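Those protein sequence lines, which keep their order, are chains A and B. Every number in the working numbering is 9 more than the matching position in the first sequence, counting from 1. Every number in the working numbering is 186 more than the matching position in the second sequence, counting from 1. Structure first, commentary second.
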Amino acid sequence: MRKKGWLRRASIAWLLGLLLVATFADFLANDRPLIAKVDGETRFPVLHEYGTALGLARPYQPIVRNWKKTETDWALWPLVPYAAGATDLKNANFKSPFDAQETGPRARHYLGTDKLGRDVLAGLVAGSRVAIFVGVGSLLISLLIGIPLGGVAGFFGNDGLRGTRARWWGRSIGGILGLLYASVSLLPFFRVENLGLTVLLLILGFLLGGWLLSLLLRLIPFFRKPTNFPADSIFLQMVELFVNIPGLVLLIALLAAINQPSLWVIVIVIGVLRWPHIARHLRAELLRIRNLPYIEAARVSGLGQWRILFYHALPNALGPLLIVSCFGLGGAILLEAFLSFLGIGVPTDEVTWGSLLRASRSRPDAWWLAVFPGLLLTFTVLAAKALGEQD
Amino acid sequence: MLRYILQRLSLLPLSLFLLSLVCFALLQLTPDDPVRRLLPDDEARLSSDDPNAYDRSYRAAAASLGYDRPAFYFTLQNAALPDTLYRIARPKERAVLRTFTLRTGNWPAVENYYRILKELAWTVRSEDRIETSTILRRLLLQEDFDRTKATIFDLKDDPTTAPLQTAFQALENTEQRANLLLPALHWHGTNNQYHAWISRLLRGDLGVSLNDRRPVTAKIGRALKWTALLNGLAILLIYLISIPTGLYMAGYRDSSFDRITTVGLFILFGIPSFWVATLLTNFFTTPAFGMDYFPSMGFGKLPEGASIWEVVRIRAAHLFLPVLCMAYPCWAYVSRHLRRSSIHELNKAYIKTARLKGLSRSAILWKHVLRNASFPIITLLASILPALLAGSVLIERIFNLPGMGQLLYDAALTRDWPVVIIVVLLNGLLTAAGLLLADLAYAFADPRVRLNGTKPSAS
């Protein structure tokens, strides 16, 4: 398909718009006003909540529990004066967007309500936040795994990394032994419970173990012979193993096994399952780039291998990588909708596009519950695909 | 050719082995306790009346399930932990002993403390002193060392609990943290849970469902029949529609037919099929909008002595929407691939020759282009199969069809692990087999693959 300029621009605009909506979701749909004057005091209830959550500000006194019943001198309400998941029993039992609604002086439920009178539009805004969080988060994790692996495999291939046998054997086996030792013995010894410190200690164990074993192996003549490190073959085998895993089925089993569903678990699992897509593309791109004349020129002028990879080769591969990332973003958002539609792994109090769709199944004639989230999802997936489409 | 097959086949057992390890790890990590599920309810009531008897029956149940064995062929653990830790049947008890030993490094002291605690918890009757008894029983499963410490120091001066306090003091005072620095590797041989599990699987005994005690084989066999029917029809429909579409799109490239179809297929490819399926069920299988054209649930009931014609009619009415929903995303996928590879072929010289001979466009497309352009289509089957299997989870759930997807969903929600694990393994096997078959078919059709060991770049 020929890439049309307007389609690209529209897709970028859609995704950016979604990002904006997700970022400012609290200011777009909330059941408290943005600015309100109560008893002569000007309050910023939405903004202030962030301050309270961060510990920067103290809650307003007296505390207002329900802004809708509070007398205010004047108030500026968000565009959608309802919070996702907050019930409105006066408009309960599936009010259509065109039905008569008892909202009083406040805005209508523009896109209707569900069984308990929860506003659909507010749910969509909250859902876009979940979608962006899962999409971007899992993308970052797959990039974190995929860029180093794919980059090294593609740039060095099977013959780019030279060194003594002691170095490769020592670093790989010693590193693994060091990692195991750190997790089995050092973690309880130092009583490490904090996540960051745990990761730090494990990495330290890996590096130290590798260094020590390669020092030791250097004493044996057999290990002093220089060889190539088969980075590309190892990479391809790893990808092959991952491809055989039935991702979605395993995801369902994995998420059902977890007692407390949380979005973080979904982000991590999707990210880890999808890294081969990113890594494969990066590898192919770097295989092409490493034969370009400017890399040759950099080599001739005596730059180090790793410096060439990080400063010259990888930046050049970022464009194609971005395209694949867009594709991955769409896929991850779709997967999240899929899981929340099934009701597996996503916390039940979280309103998502998928959970709205699921709610529509209990009441088929409430078409607004099915149509609007599906449309948003479709546009997002199409935008991601239009950007990720390659000729 | 044989060498290529062997080379490809050699990886399959490895990835299946890894998948079985992942499944087994999942089985181990699941938070609920299958032994508890096996015990009848009045046994569970025993736990408050007579903990000693409960402990005995728990241990017997664990042994009957094979949980009194080590989990794997070997364990790599801290040297401070005893190598027979697995003999403690209850996972929660094991966790307490583990954390305490990893905290202090002194196993004998931990063991002594726990033995005293257990004796006390069993001898202090709840009828006599309800408060002490509750505290002691809570201590049995208290994993947090500091909290245990606080609780024990809060215990009143009482001759019965004094030994516990001294034992805990001793445990705290004789900390041997240097022990923690050594790792230990224990070899258990083949008498372990994984070995037993995998050899049962290989013998064809898939276990019984935890929910209804029916054999997993029977459950899966019934579900598999429907999923196979659904997927078979979907694949048939995909190829029946997308091969002509792709070919004619390439043949009439840049015509308005090509342009409209390209846009249409792009949009079709992007619309999530579970949304379409939801809309279709909402609109066409319920009377909500007055368009109740299709039956809504399952595969339909056949009346006694129905003729073949009637069977086909009933099944078709039930299967039409699900098969459509499963097939359409792949339509777009396959025909776009076919279009691309056909255009590549159409630019070649032999097509020009055929045209010069005066063959019609249809003849060129069907007789010459299709054969050469269909190589990528073969590999597509490999990527379609797993996608279809995964997709059938949603489609079967939405249309309420009793297939594998529905089985997986129900089993996952009720934590029926024997069923879940087998479905995951089966899916892995099918995915791997599909990839393998596609590679072999490709190698068979295109000798370049065999000779170079790499696929020619997808055109």
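For glycine and all other residues, C-beta sits at the position ideal for the given N, C-alpha and C. Here the structure is a predicted model, which means the values were calculated and not measured.
Here Ile453 of chain B is exposed, its C-beta having fewer than 16 other C-beta atoms within 10 Å.
In this structure, the straight-line span from the alpha carbon of Ala474 of chain B to that of Arg127 of chain A is close to 22 angstroms. Of the residues assessed, Trp177 of chain A falls on the buried side of the cut-off, its CB having 16 or more other CB atoms within 10 angstroms. The alpha-carbon separation between Ser569 of chain B and Leu623 of chain B amounts to approximately 11 angstroms.
When secondary structure is reduced to three states using DSSP, Glu202 of chain A falls in the coil class, being assigned neither helix nor strand. Contact annotation for Thr431 of chain B against chain A: no contact, minimum CB-CB distance about 15 angstroms [criterion: below 8 angstroms].
In summary, no residue of the segment 398-409 of chain B has a CB separated from any CB of chain A by less than 8 angstroms. Distance check between Lys234 of chain A and each of A:Phe244, A:Arg171, A:Leu291 places A:Arg171 closest, using alpha-carbon atoms only. The beta-bridge partner set that DSSP reports for Arg276 of chain B is empty. If you check the CB distance, Gly179 of chain A and Leu209 of chain A do not come in under 7 angstroms. Here DSSP, grouped into helix, strand and coil, assigns Asp128 of chain A to strand. Using beta-carbon distances, Asn253 of chain A counts as an interface residue toward chain B, with a partner under 7 angstroms. By the criterion of a C-beta distance shorter than 7 angstroms, Ile304 of chain A is surrounded in its chain by Ile298, Ile317, His321, Ala322, once the five residues flanking it on both sides are discounted. Any Cβ of chain A closer than 7 angstroms to the Cβ of Trp412 of chain B would place that residue at the interface, and such an atom is absent. Looking only at A:His286, A:Trp220, A:Gln314, A:Glu80, the smallest Cα-Cα distance to Asp168 of chain A is reached by A:Gln314. Around the Cβ of Ser196 of chain B, a 10 Å sphere holds fewer than 16 other Cβ atoms; the residue is exposed. Relative to Phe455 of chain B, the option among A:Val145, A:Ala93, A:Gly339, A:Gly363 whose CA is nearest is A:Gly339. Counting along the chain, Trp76 of chain A sits inside no alpha helix (DSSP H), nor does DSSP assign it H or E at all. DSSP assignment within the segment 140-179 of chain A yields the following whole beta strand (DSSP E) runs of 3 residues or more, N-terminal first: 171-173.
DSSP, reduced to helix, strand and coil, places Glu249 of chain A within a helical segment of the structure shown. No Cβ-Cβ contact shorter than 7 angstroms links Ala368 of chain A with Gly159 of chain A. Within 10 angstroms of the beta-carbon of Ala631 of chain B lie fewer than 16 other beta-carbons, which makes it exposed.
Judged by their CB atoms, Thr431 of chain B and Ser521 of chain B are nearer to each other than the 7 angstroms cut-off. For the C-beta of Asn417 of chain B, not a single chain A residue is nearer than 8 angstroms; the gap to the nearest is close to 14 angstroms.
Arg370 of chain A sits in coil when the DSSP states are folded into three classes, being neither helix nor strand. Going by DSSP, Pro294 of chain B is part of the alpha helix (DSSP H) stretching over 293-309. By the neighbour-count criterion, in which a residue is buried when 16 or more other Cβ atoms sit within 10 angstroms of its Cβ, Trp373 of chain B is exposed. Assignment of alpha helix (DSSP H) within the segment 324-396 of chain A, counting only whole runs of 4 or more residues, yields 362-369 in chain order. Between the segment 265-276 of chain A and the segment 198-214 of chain A, the count of Cβ pairs shorter than 8 angstroms is below three; the stretches do not touch. The beta carbon of Pro329 of chain A does not come within 7 angstroms of any beta carbon belonging to chain B, so the residue lies off that interface. With 16 or more other Cβ atoms from the protein chains shown falling within 10 Å of its own Cβ, Thr447 of chain B counts as buried. Distance between Thr207 of chain A and Ile191 of chain B, taken at the CA atoms: about 44 angstroms. In the DSSP assignment, Asn468 of chain B falls within the unbroken alpha helix (DSSP H) covering 459-470.
In the three-state reduction of the DSSP assignment, Trp86 of chain A falls in the coil class, being assigned neither a helical nor a strand state. Here Ala379 of chain A is not near Thr261 of chain B, since their CB atoms are 7 angstroms or more apart. By the Cβ-count criterion, Ile141 of chain A is buried, with 16 or more other Cβ atoms from all chains shown falling within 10 Å of its own Cβ.
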